[in-house]
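If you count by my numbering, then the sequence shown holds residues 483 to 527, one letter each, in order. Cβ atoms here follow ideal geometry from the backbone N, Cα and C, with glycine treated the same way. Here is the structure we will look at.
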Amino acid sequence: MGKGDKKSKRGKINRGTFGTRRPRIKKRVKPETKINVDKKDTVKP
């Protein structure tokens, strides 16, 4: 269990790989951008 171990988190960090012990962080979409994309700016008379 160290830097040379392929299955440990420390080994994944050392090798620069990802897996179940070290998952990739997913980027979240901001809610502000979702609202602006879906709605169109319309002015009612």
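Contact belief for residue i with residue j at Cβ below 8 Å, rounded distance in angstroms
| i | j | result |
| --- | --- | --- |
| Lys-494 | Gly-484 | Incorrect: roughly 12 Å between the Cβ atoms, too far for contact. |
| Arg-503 | Lys-489 | 7 Å |
Contacts around residue i, its chain only, beta-carbon distance under 7 Å, and the 5 residues preceding and following it disregarded
| i | result |
| --- | --- |
| Arg-492 | Gly-484, Lys-485 |
| Asn-496 | Lys-485 |
| Pro-434 | Look at the range of the chain in this structure, 483 to 527, and you will see that residue 434 is not part of it. |
| Arg-506 | Phe-500 |
Other residues of its chain near residue i: CB distance less than 8 Å, five sequence neighbours each side excluded
| i | result |
| --- | --- |
| Asp-487 | Gly-493 |
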